[in-house]
Amino acid sequence: MSGSNHTGTFFFLTGLPGLEAVHTWLSIPLCAMYVASLAGNSLILWVVKSEPSLHQPMYYFLSMLAVTDLGLSASTLPTMLTIYMLGLREVAVDVCLAQLFFIHSFSIMESSVLLTMAFDRVVAISNPLRYSTILTSPRIVRMGLAIMVRSIGLDIPAPIMLKQLPYCRNFRLSHSYCLHPDVMKLACADTHINSAYGLFVVLSTLGVDAVFIVLSYALILHTVLSIASKAERLKALNTCVSHICAVLLFYTPMIGLSMIHRFGRWVSPCSLVLLSYLHFLTPPLLNPIVYTIKTKQIRRRMLRLFWWNRSSNRDKEHN
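No gaps in the numbering here: position 239 of the sequence shown is 238 in numbering that gives the first Met the number 0, and each next residue is one more.
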């Protein structure tokens, strides 16, 4: 098959190997996870928008995180549902390349947002008196635009380069959605350039972001340890708990998945699929829950919302 002509070519996606007979039943918890992640992140955006007291840099960055989580969920949703609900595993090459572009772009965006949130915590703890003058609204907007340009700009070449490759193997992918290293393995041509570019993108975005996040927390820890009062130290660290959880939820399975793709030939296909679900499905699902539990202002606003709804229903019943 020529590398320039992919007409009629399909890749075949993978569900959970060995559990094909119960894929329809597995679609129920998967749908519940998607509904919960979409509802949770949409609710975070609504709460931040509707509550004037939350119009602060920390919550603007939280809104960015919610948007990237919505984008990540929407990117994996179509193929996941067609596999588990409809039993359809075929995906056209162009659709596959478009999906991997969006998945990797939103992954880079999420990493970038987590880095800006770490910077926000550094400024808030190390230099609280200048917090509002450093993180102004125009500066936050510019940071958001820079995140978009960086993520999209670095990911555009990847699907274009994959489009030029000939695919003449079994066309079976290892995941329920299209990922760059997974598609690249199916090419029957030299992929050293594609592999090098993919590694460059990962190291220059996710790798650099992870290093700067660690350095940010080193600065935070240095500042916190210099505080005399133990209560004040705990209070300062408590403001970072939600962000630390979000970082661990995102980076831990991502590192494991990257290592397995490059070195884990011995890992079972089922373990590979489950780890990818852990990476792409759990952060959008759990981030709103973590921030709601650990952020008093958001928790109060949501409680007021549900209390108002209950009061309104009672009034309707009495009338």
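Don't be surprised by glycine CBs; every beta carbon is placed ideally from N, CA and C.
(message) List, from N- to C-terminal side, the beta strand (DSSP E) runs of 3 residues or more that fit wholly inside the region 267 to 306.
(response) Counting whole runs of 3 or more residues, the region 267 to 306 contains no beta strand (DSSP E) stretch at all.
(request) Go to Val21, then tell me how far its alpha helix (DSSP H) extends in each direction, as first and last residue. (result) In the sequence shown, the residue the question calls residue 21 occupies position 22. Unbroken run through Val21: none, as it is neither H nor E.
(request) With DSSP as the reference, label Phe10 as helix, strand or coil. (result) Here residue 10 is taken as the residue at index 11 of the sequence shown, counted from 1. DSSP, reduced to helix, strand and coil, places Phe10 within a strand of the structure shown.
(message) Rounded to whole angstroms, what is the Cα-Cα separation between Pro28 and Asn126?
(response) For the purposes of this step, residue 28 is taken as residue 29 along the sequence shown, with counting starting at 1. For the purposes of this step, residue 126 is taken as residue 127 along the sequence shown, with counting starting at 1. Going by the C-alpha atoms only, they are around 44 Å apart.
(request) Given a cut-off of 8 Å, decide if Ile219 and Val121 are closer than it, judged by their beta-carbon atoms. (result) Within the sequence shown, numbered from 1, the residue matching residue 121 stands at position 122. Within the sequence shown, numbered from 1, the residue matching residue 219 stands at position 220. Going by C-beta atoms, Val121 is nearer than 8 Å to Ile219.
(request) Give the C-beta separation of Ile107 and Asp181 to the nearest angstrom, bearing in mind that I take them to be a contact with Cβ-Cβ under 8 Å. (result) Against the sequence shown, residue 107 aligns to sequence position 108. Against the sequence shown, residue 181 aligns to sequence position 182. That pair is no contact at about 17 Å.
(request) Could you tell me which of Val47, Leu113, Cys187 sits nearest to Leu247, measuring between CA atoms? (result) In the sequence shown, the residue the question calls residue 247 occupies position 248. It is Leu113.
(message) By the DSSP assignment, the alpha helix (DSSP H) with Glu231 in it spans what residues?
(response) To locate residue 231, count along the sequence shown from 1; it is residue 232. Here the alpha helix (DSSP H) through Glu231 covers 229 to 237.
(message) Going by the DSSP bridge assignment, what does Glu89 pair with across the sheet?
(response) To locate residue 89, count along the sequence shown from 1; it is residue 90. Its beta-bridge partners are Phe11.
(request) Can you tell me which of Val201, Gln296, Pro287, Val207 puts its alpha carbon nearest to the alpha carbon of Thr67? (result) Indexing the sequence shown from 1 puts residue 67 at position 68. Here the closest residue by C-alpha is Pro287.
(message) I'd like to confirm the pairing. Which residues does DSSP put opposite Ala186 in its beta bridges?
(response) Along the sequence shown, one-based indexing puts residue 186 at 187. According to DSSP, Ala186 bridges with Tyr166.
(message) Under DSSP, the alpha helix (DSSP H) around Gly152 begins and ends at which residues?
(response) Looking up residue 152 in the sequence shown gives position 153. Under the DSSP assignment, Gly152 falls in the alpha helix (DSSP H) whose first and last residues are 136 to 154.
(request) Counting only the same chain and skipping the five closest in sequence on each side, list residues whose C-beta sits under 7 Å from that of Met63. (result) Residue 63 sits at position 64 when you count from the first residue of the sequence shown. Excluding sequence neighbours, Met63 sits near Val112, Gly143.
(request) Given a cut-off of 8 Å, decide if Val272 and His174 are closer than it, judged by their beta-carbon atoms. (result) Here residue 174 corresponds to residue number 175 of the sequence shown, with the count starting at 1. Here residue 272 corresponds to residue number 273 of the sequence shown, with the count starting at 1. Going by C-beta atoms, His174 is nearer than 8 Å to Val272.
(message) Distance check for Phe118 and Leu214, CA to CA, integer angstroms please.
(response) Counted from its first residue, the sequence shown places residue 214 at position 215. Counted from its first residue, the sequence shown places residue 118 at position 119. Whole-angstrom Cα-Cα distance: 10 Å.
(request) Drop a sphere of 10 angstroms on the beta-carbon of Thr115, count the other beta-carbons inside from all chains shown, and report buried for 16 or more, exposed for fewer. (result) Here residue 115 refers to the residue found at position 116 when the sequence shown is read from its first residue. So Thr115 counts as buried.
(message) In whole angstroms, give me the CA-to-CA distance for Gly206 and Leu25.
(response) Stepping through the sequence shown from its first residue, residue 206 is reached at position 207. Stepping through the sequence shown from its first residue, residue 25 is reached at position 26. Taking the straight line from one Cα to the other gives about 34 Å.
(request) Within 10 angstroms of the Cβ of His221, are there 16 or more other Cβ atoms? Answer buried if so, exposed if not. (result) What you label residue 221 is simply residue 222 of the sequence shown in a count that begins at 1. His221 is classed as exposed because its beta carbon has fewer than 16 other beta carbons within 10 Å across all chains shown.
(message) In whole angstroms, give me the CA-to-CA distance for Val94 and Cys167.
(response) The residue given as residue 94 occupies position 95 in the sequence shown. The residue given as residue 167 occupies position 168 in the sequence shown. Here the alpha carbons of Cys167 and Val94 stand approximately 18 Å from one another.
(message) Out of Glu231, Phe100, Arg149, which one is the CA nearest neighbour of Thr204?
(response) Here residue 204 is taken as the residue at index 205 of the sequence shown, counted from 1. Considering only alpha carbons, the answer is Arg149.
(request) May I have a chain-ordered list of the beta strand (DSSP E) segments no shorter than 3 residues that lie completely inside the region 75 to 120? (result) Runs of the beta strand (DSSP E) inside the region 75 to 120: 89 to 91.
(request) Determine, using beta carbons only, whether Leu284 and Met32 come nearer to each other than 8 Å. (result) As a first step, residue 284 is located in the sequence shown; it is residue number 285 there, counting from the start. As a first step, residue 32 is located in the sequence shown; it is residue number 33 there, counting from the start. Less than 8 Å separates the beta-carbon of Leu284 from that of Met32.
(message) Considering only the alpha carbon of each residue, which of Ser72, Ser270, Gly86 lies closest to Ala20?
(response) By one-based count along the sequence shown, residue 20 stands at place 21. The residue among Ser72, Ser270, Gly86 with its C-alpha nearest the C-alpha of Ala20 is Gly86.
(request) Tell me Arg171's beta-bridge partners as DSSP assigns them. (result) The residue you call residue 171 lines up with position 172 of the sequence shown. According to the DSSP secondary-structure assignment, Arg171 is paired through a beta bridge with Phe11.
(request) Can you give me the Cβ contacts of Arg88 inside the same chain, cut-off strictly under 7 Å, excluding the 5 residues immediately before and after it? (result) Here residue 88 refers to the residue found at position 89 of the sequence shown. Sequence-distant partners of Arg88 (beyond 5 residues in either direction) whose C-beta falls short of 7 Å from its own C-beta, in its chain, are Phe11, Leu12, Ile82.
(message) My assumption, with CB atoms under 8 Å, is that Val90 sits in contact with Ile297. Please give the rounded CB distance.
(response) Start at 1 with the first residue of the sequence shown, and residue 90 comes out as number 91. Start at 1 with the first residue of the sequence shown, and residue 297 comes out as number 298. No, Val90 and Ile297 are not in contact; Cβ-Cβ is about 37 Å, not under 8 Å.
(request) Classify Leu178 as helix, strand or coil using the three-state DSSP reduction. (result) Walking along the sequence shown from the start, residue 178 turns up at place 179. Looking at Leu178 - three-state DSSP - the assignment turns out to be coil, as it is neither helix nor strand.
(message) Taking the alpha helix (DSSP H) that Gly197 belongs to, which residues open and close that run?
(response) Your numbering for residue 197 matches position 198 in the sequence shown. 191 to 201 is the span of the alpha helix (DSSP H), which, as asked, contains Gly197.
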